[in-house]
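Working notes, beginning with the structure itself.
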Amino acid sequence: MPAHNSDVASMFEELADILEIEGANPFRVRAYRNGARSVSGLSHSLRDLVRQEEDLTQYPGIGHELATKIKEIVDTGSLSALEEARQRVSPDLVSLMHIQGLGPKRVKALHDKLGVKSLADLQQAAAQGKVAELSGFGTKTQNSILEEIERFQGEEKRYKLAVVEDVAATLSRHLEKQSGVQKVQVAGSFRRRKETVGDLDILVTGNRPDEVMQALVNYEDVRQVLAHGQTKSSVIMKNGLQVDLRFVAQDSFGAALHYFTGSKAHNIAVRRLALDRELKVNEYGVFHGEQKVAGKSEEEVYASVGLPYIVPELREDRGELEAAAQGRLPELIQRKDLCGDLHVHTKASDGKNTLQELAQAARDMGYEYLGITDHTRNLSMVGGLGEDRLMEQMEEIEDLNAQLSGITLLKGSEVDILKDGSLDLPDWVLQKLDFCVCSVHTAFNLSREKQTERILRAMDNSNCTILGHPSGRLIGSREAYDVDMERVLHGAGERGCILELNSQPDRLDLDDVYCKAAKELGVKIAISSDAHQLGNLELIRFGVDQARRGWLEAEDVVNTRPLEGLKKLFKR
DNA sequence: GCCGTTTTCGGCCCGACTGTTTTCAGTCG
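First residue of the first sequence: 700, per our numbering; consecutive thereafter.
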């Protein structure tokens, strides 16, 4: 059984859940959660680290005990402490913790007093009115449990960033229109530009808190009100997304924004730094005893703990605080740094537009070049190009380039990587192109070893300029294929192959963690839209967001180079 | 269970809201 970092993390999380239900020392529980978080933010694979006999306790939150457990998971694929814990507390019972409003104490009470063992048991007990009879519970709790069970079963837990953007924009406008509102700002993982968002955190300043809260709970798209207080309200929108609204005072805005932007791990780390200086940080400000010393702006908050401003995208407690303290925060890439796009489809395969239309759109976006990369023949269902049609397209591009001014079309192709790692078109054709994006579109189920070898072999071909959407994942619908990304990263580095950061909101592939790893290995990244129609070209901003989360600077990304510089990077 | 530029023991981030209470526990972010 493969043991990815995420497997280790989820085992630690599950163990933490069980210990919590059992009433274990809360700090011990927290230690497991910290360990899980630390592990999932790691850019190295634990399997490799263990194999290389690295000292795992060098990573934050991993001590002797967790290091031993990680070794056990990597070596055996399971964790005996977790197996034993599951005997005591069943996974079905643990899963009840994921229902909003149910924590360890209540789950334990439901189990001990009512014999609840599963979601079905709970639903039945609540429907029969037994839950309300327990001390500490009541009719309201019982009803909300029933509602939550239905919601829990019906819907996805996290939403893609691009989906949430619409809700955020319309709701922000609605709130801004309310009288007495000065400022509306979305915080949370949305502001950190995380690829998926669990809920929307919105901050409001002004002088009529009651009315703003009222405006949210009465908003037409609200399905259910979870909480409605003086300074905080929570609602569920009709699409299932939870929105938390906070009213904050003007002079606490920076502290609140920092607090609610998170991540939680980053905030905890900042508060720990503050404690060293005998400061207390909360959402109202930074305090020295009773005295408030900062809070108006986020810059103030960071300054109070001796740090420069850290942009939201970096706030994951993945080394940004240390980097800030040492004055080596990256100067992150921005949308305006991009000189072109290197992955675009036309009508020739599964795109919607002509070369001319795309060229014009790219020029209007201020690009210097646009890489045309239609699919190849292996993807016959989307009209993939064989060598004849590709040769024709190359001619077309050359003719068009002769007429166009202000934009250059690059002759490219998104070449299928076949099952054995060979490329879908012969070398003599590929050599005529300016560059190739090579991608896996079939045979996702190969073993880890075979999939990895397949991709390495594809990169062996010097015509493979860019490895397209390297993991193949589709957020929320398809797992990445099983591939040793560490080896792929090293392989790309050794061969001078560029890795793509595909900007489609459901791909964002490479992800942030591997972008950072690639950067550390000196592997270059191409941020591409993978546009299939004109409107898709702008999706590239989501790629830029993800790149920023991956610590990438302009120099790490090939398509920040003007055309001549780019062409040099294409040669390998 | 983790951690340490006072420490290897004794700390460990902090506040709002809800429901069930009669002053607070549980949950959440």
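Cβ atoms here follow ideal geometry from the backbone N, Cα and C, with glycine treated the same way.
Small disclaimer: the values here were computed from a predicted structure and weren't measured.
Judged by their CB atoms, E719 and P803 are nearer to each other than the 8 Å cut-off. Cβ-Cβ distances below 7 Å link T1053 to T1045 and K1046 in the same chain, with the five nearest sequence neighbours on each side left out; the list follows chain order. Between the stretch 1235-1255 and the stretch 1200-1216 there are three or more C-beta pairs closer than 8 Å, enough to call the two in contact.
Contact check for Y983 and A954: beta-carbon distance about 6 Å, within the 8 Å limit, so the pair qualifies. Listed in chain order, the non-local C-beta contacts of K979 below 6 Å within the same chain comprise F986, local neighbours out to five positions each way being set aside. Taking C-beta separations shorter than 8 Å and ignoring five residues to either side along the sequence, the partners of L899 in its chain run V863, V866, A867, L870, V885, G887, F889, L940, Q941, V942 and D943, following chain order. Here DSSP, grouped into helix, strand and coil, assigns A1225 to strand. In the structure shown, D950 adopts helical secondary structure according to DSSP, grouped into three states. When the beta-carbon positions are compared, R1147 and G1120 stay at least 8 Å from each other. Within 10 angstroms of the beta-carbon of Q1092 lie 16 or more other beta-carbons, which makes it buried. Between the alpha carbons of G1190 and S1161 lies a distance of about 13 Å.
Judged by DSSP secondary structure, A1217 falls outside any beta strand (DSSP E) and instead within the alpha helix (DSSP H) spanning D1211 to L1220. Ranked by Cα distance from G1050, the first of L956, G734, L1084 and P1029 is L1084. By alpha-carbon distance to S789, the top candidate from V773, Q929, L818 and K839 is L818. In the same chain as R976, and ignoring 5 residues on each side of it, the C-beta atoms closer than 7 Å to its own belong to V1004, in chain order. Cβ-Cβ distances below 6 Å link A1225 to L1041, I1165, I1197, E1199, V1257 and N1258 in the same chain, with the five nearest sequence neighbours on each side left out; the list follows chain order.
Check the Cα spacing between N704 and each of E910, N733, D716 and S739: the tightest is with S739.
In terms of Cβ geometry, A1058 and L1031 do not form a close pair [threshold 8 Å].
If only complete runs of 4 or more residues are kept, the stretch 1146-1190 shows the alpha helix (DSSP H) at 1147-1159, in order along the chain.
The Cβ atoms of L1109 and Y1068 sit closer than 8 Å to each other. With respect to M1158, R1194 sits close: the two C-beta atoms are nearer than 8 Å. DSSP lists D900 and S933 as the bridge partner or partners of D943. Straight-line spacing of the CA atoms in R787 and K770 works out to 24 Å. Counted as a single uninterrupted DSSP element, the stretch harbouring E894 is not any alpha helix (DSSP H), since DSSP gives it neither H nor E.
N1077 and V1136 have their alpha carbons spaced roughly 14 Å apart.
Assignment of Q913 by DSSP, reduced to helix, strand and coil, places it in the helix class.
Taking each of K1131, E910, K937 and E989 in turn and checking the Cα distance to K1270, the smallest one comes out for K1131.
Each residue's CA atom was taken as its position, placing A926 and V934 some 7 Å apart.
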